[in-house]
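Residue numbers (this note's numbering): 2 to 812.
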């Protein structure tokens, strides 16, 4: 690939992604790609797109209540370059040039390049990963000596005028000591909620893009071949923006290439932290690039926990990160962008990938829900309910911001999604707190005493999973369970609890009784407080065990004749469904039901689901079909999901037709799950500790287990070489798991943390653990079969431990 020369110095950085640069770079000769399909440039604090007139800042919203949307900050970098002009004795002239647009997904660079026989001009734009407040634009020229003639300078001009105006903010351009710099502040017109936000939010920008000077153009020559533009943004003050700007400028002046080096180093560290890698033997296959670009798009919206989070807005000091929107951080002002709001999409579709590969970034997203608890509690009280009721759409304050009243009233399953994501994070990362005492003896004590004690410790590291449970996770689980307890009604006729007047994930059904998905996730949420209290040997209030009993009595709309779960109690067979709904019980909820019911649900609901529905739908059908070993159907569903990918930048659209949201992260999240949880068959479960360690006297003790069950259809094997789950995080360990499809073999390597036991499934349906993997041992190689990983420190093996450990659970 003849990619920009300035990128070649970083080739070695990104060999960790692939030896083939085409899997993390792409090129277009067209400048007509719609803005909503342009790639994202972002770092979780600020985001934009090439050619966009706007920058978006995490948490900056304008508009009251249902009018709330991401506030548009005018971008200093909305312009591209016109065709460069050459100079000779006769003056300026335009020479023949080739124009290309390149995207480097490995390090988040977008480059406009002009090439001619005399020179090459490239303009590279990026949002710094190392410095969260910084946007950078580097313009450089390479001159070629021909016929012993000294190369002449070239004139570069922007194609658009920069205007520092916004439809969302009052813009104030302050006086600067240096006329080559602008200090810009903006305050949003309207607060989202007068009750939870005392005044509209503000931003502050320091930039050296001065419109009047830029419009004149500038020259590059062999002696001055480079021009750098910098802009910084702050939530808190102009002084903060200026300090950040001066720091970046100092580095750029001392080492002109250093900001690019920082970007390459930072993104390499991000990729080394965790990623999925698909390797294909067919060099024409674009799937490796689609997989990597999908992960890149999510990462542009997630802050890097290794760097200090940006200070919070003064009007919302409890929150430093505002979650994930279906179209990410680089969009969010329009209805098709979902206004930048947070939905259940974050917990059910986007966070499962982050949970495994970037768990601390995932935890920051869960912290957003914790920060929004006051508004959720307030709403529950206003509706005569208990606990907390999270909004269908959430933004700056946590109040309801959806303009669709039916969804606001009825889509209560978002509450279950919050609890489910907390459970998934804790199950994957928190080591079990095994103590000999029976935790039920603590049920009469103050259930919050331990929480209060830990909360008083100002030095606590909330990145530690067990401490996070005590300070935040426990509260979230309890608030959600208390909500469901107050929302269900008891039916004497059914002798069960019901949920009435709800909207399921299928939004073609506006109101129904007993949605299968809603009831299932409510049941899972009701068991969570007791389950995790026991896991961490925490106090077990009587309410927790009461909720457990309620969960067992939630009514489900089963159809025993057709042997499948109905979408809701009054569902009529044959009715069109908008998206994946009832099949979500099989995955990700892992709801207990016979295999024939799972198979019937896939067969039936695939026929009635809208073929132009949202992108993530077919990924779920693919995962369910793979679990059932229905490989032909899985291939069909996987290929349907890929119909949502658009060239040239591997962007995803919400619908197959291209309508609705673009750069649709919800679809991306579903697609990544089809790789990890579909083809690799990964599941995280809590299994009975007593079954692993017969010395455990408490039947309630659980242990986290990671299971893998391979399933790659033969149709893909000629072109797919391997699926590599690099640096997967589990129980404070990091593992690299490779599915070698050419040899039908697992290779498992422990790259950080204490030992794990590796179990295999035997004919009796039990797991037998005969192998132990440590940081010092060679990678373990096993034939394709179901396997189970358990942390050794979780089971407290005696010195004379036998070689086999039987778990009563099945794959």
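Positions of the beta carbon are idealized from the N, C-alpha and C atoms, including for glycine.
None of the values given here were measured: they were computed from a predicted structure.
Q: Decide if residue 555 is buried, meaning its Cβ has at least 16 other Cβ atoms within 10 Å, or exposed.
A: Here residue 555 is taken as the residue at index 554 of the chain shown, counted from 1. Burial check for residue 555: the Cβ neighbour count within 10 Å reaches 16 or more, so the residue is buried.
Q: Would you mind stating whether residue 635 and residue 623 have Cβ atoms separated by less than 8 Å?
A: Taking the chain shown and counting its residues from 1, the one referred to as residue 635 is at position 634. Taking the chain shown and counting its residues from 1, the one referred to as residue 623 is at position 622. Cβ distance < 8 Å, so residue 635 and residue 623 count as in contact.
Q) To which residues of the same chain is residue 12 closer than 8 Å at the C-beta, ignoring the five residues directly before and after it? A) By one-based count along the chain shown, residue 12 stands at place 11. Only 22 meet the Cβ criterion.
Q | Cβ pair residue 470, residue 427 closer than 8 Å | A | Stepping through the chain shown from its first residue, residue 470 is reached at position 469. Stepping through the chain shown from its first residue, residue 427 is reached at position 426. Yes, the Cβ-Cβ distance between residue 470 and residue 427 is below 8 Å.
(Q) If you reduce the DSSP assignment to three classes, tell me which class residue 367 lands in. (A) By one-based count along the chain shown, residue 367 stands at place 366. Secondary structure at residue 367: helix, using DSSP grouped into helix, strand and coil.
Q) Quick one, which of 371, 403, 402 and 642 has its alpha-carbon nearest residue 388's? A) Counted from its first residue, the chain shown places residue 388 at position 387. The shortest Cα separation from residue 388 among 371, 403, 402 and 642 belongs to 371.
Q. Thinking C-alpha only, which one of 719, 726, 687 and 717 is nearest residue 707?
A. The residue you call residue 707 lines up with position 706 of the chain shown. Nearest option by C-alpha distance: 687.
Q: Determine the closest residue to residue 139 out of 221, 93 and 106, with distance taken between C-alpha atoms.
A: Numbered from 1 along the chain shown, position 138 holds the residue referred to as residue 139. For residue 139, the nearest C-alpha among the options comes from 221.
**Q.** Close Cβ partners of residue 680 (< 7 Å) along its chain, the five nearest in sequence each way excluded
**A.** Along the chain shown, read from residue 1 onward, the residue named residue 680 stands at position 679. Cβ within range, chain order: 627, 712, 713 and 724.
Q | Spatial distance of residue 264 from residue 788 (CA atoms) | A | For this step, residue 264 is matched to residue 263 along the chain shown. For this step, residue 788 is matched to residue 787 along the chain shown. Distance between the alpha carbons of residue 264 and residue 788 is about 38 Å.
Q.
Let me check understanding here. Comparing Cα to Cα, which of 565, 395, 229 and 190 lies closest to residue 215?
A. Here residue 215 corresponds to residue number 214 of the chain shown, with the count starting at 1. Of 565, 395, 229 and 190, the residue nearest in Cα terms is 229.
Q: Return helix, strand or coil for residue 48, following the three-state DSSP convention.
A: Within the chain shown, the letter at position 47 stands for residue 48. Strand, per DSSP.
Q. Can you give, in chain order, each stretch of the beta strand (DSSP E) that sits fully within the segment 614-647 and has at least 3 residues?
A. none
Q: Give a yes or no on whether 8 Å exceeds the smallest Cβ distance from residue 509 to chain D.
A: Included in the structure is just one protein chain, with no chain D present.
(Q) Just to confirm the assignment, what range does the alpha helix (DSSP H) spanning residue 228 have? (A) On the chain shown, position 227 is the one that residue 228 refers to. Taken as a continuous stretch (DSSP letters only), residue 228 belongs to no alpha helix (DSSP H), being part of the beta strand (DSSP E) at 227-235.
Q) Nearest-angstrom Cα distance between residue 103 and residue 768? A) Within the chain shown, numbered from 1, the residue matching residue 103 stands at position 102. Within the chain shown, numbered from 1, the residue matching residue 768 stands at position 767. About 49 Å.
Q) Around the Cβ of residue 571, are there at least 16 other Cβ atoms within 10 angstroms (buried) or fewer (exposed)? A) Stepping through the chain shown from its first residue, residue 571 is reached at position 570. Counting Cβ neighbours within 10 Å, residue 571 comes out exposed, since fewer than 16 surround it.
Q | Cβ pair count under 8 Å reaching 3, the segment 274-285 against the segment 657-668 | A | no
**Q.** Residue environment, residue 254, which counts as buried when at least 16 other CB atoms sit within 10 Å
**A.** Mapped onto the chain shown, residue 254 falls at position 253. Exposed, since its Cβ has fewer than 16 Cβ neighbours within 10 Å.
Q. Using the rule of at least 16 other Cβ atoms within 10 Å of the residue's Cβ for burial, across every protein chain shown, is residue 40 buried or exposed?
A. Your numbering for residue 40 matches position 39 in the chain shown. The residue is buried, with at least 16 neighbouring Cβ atoms inside 10 Å.
Q) When the Cβ atoms of the segment 192-209 are set against those of the segment 228-246, are three or more pairs found closer than 8 Å? A) yes
Q | residue 651 in three-state terms, based on DSSP | A | Numbered from 1 along the chain shown, position 650 holds the residue referred to as residue 651. Reduced to three states, the DSSP call for residue 651 is coil.
(Q) Alpha carbons only, please: which of 197, 211 and 508 is nearest the one belonging to residue 814? (A) Because the chain spans 2 through 812 in this model, residue 814 falls outside it and cannot be assessed.
Q. Is there contact between the segment 504-515 and the segment 565-583, where contact requires at least three CB pairs shorter than 8 Å?
A. yes
Q | the segment 296-304 contacting the segment 629-649, beta-carbon criterion three pairs below 8 Å | A | No: fewer than three Cβ pairs fall under 8 Å.
Q) Among 757, 567, 762 and 794, which residue has its Cα nearest to the Cα of residue 781? A) One-based indexing of the chain shown puts residue 781 at position 780. Of the listed residues, the one whose Cα sits closest to residue 781 is 757.
Q) Quick one: what's residue 759 bridged to in DSSP? A) Looking up residue 759 in the chain shown gives position 758. Looking at the DSSP assignment, residue 759 forms a beta bridge with 772 and 790.
Q.
Measuring CB atoms only, is the segment 88-97 touching the segment 59-68, in the sense that at least three cross pairs come out at less than 8 Å?
A. no
(Q) Does residue 383 pass the burial test, meaning 16 or more other C-beta atoms within 10 Å, or should it be called exposed? (A) Counting from 1 along the chain shown, the entry for residue 383 is found at position 382. Label assigned to residue 383: exposed.
Q | Range covered by the beta strand (DSSP E) that runs through residue 335 | A | Your numbering for residue 335 matches position 334 in the chain shown. Segment: none, residue 335 is in no beta strand (DSSP E) and carries neither H nor E.
Q: Enumerate in chain order the residues of its own chain whose CB-to-CB distance from residue 31 is below 8 Å, with the five nearest sequence positions on each side excluded.
A: The residue labelled residue 31 in the question sits at position 30 within the chain shown. Cβ within range, chain order: 102 and 649.
Q) Hey, is the segment 114-125 in contact with the segment 67-87, meaning 3+ C-beta pairs nearer than 8 Å? A) yes
(Q) Using 8 Å as the threshold, is the C-beta distance between residue 326 and residue 341 below it? (A) Here residue 326 is taken as the residue at index 325 of the chain shown, counted from 1. Here residue 341 is taken as the residue at index 340 of the chain shown, counted from 1. Yes, Cβ-Cβ distance for residue 326 and residue 341 is below 8 Å.
(Q) Just verifying my parser: in three-state terms, what is the DSSP assignment at residue 198? (A) In the chain shown, residue 198 corresponds to position 197, counting from 1. Looking at residue 198 - three-state DSSP - the assignment turns out to be coil, as it is neither helix nor strand.
Q) If you drop the 5 nearest sequence neighbours on each side, which residues of the same chain put their C-beta closer than 7 Å to that of residue 381? A) Working through the chain shown from its first residue, we reach residue 381 at position 380. Correct list, in chain order: 387, 388, 389, 390 and 484.
Q: Evaluate residue 480 with the Cβ neighbour count: other Cβ atoms within 10 Å of its Cβ, from every protein chain shown; 16 or more gives buried, anything less gives exposed.
A: Along the chain shown, read from residue 1 onward, the residue named residue 480 stands at position 479. Buried.
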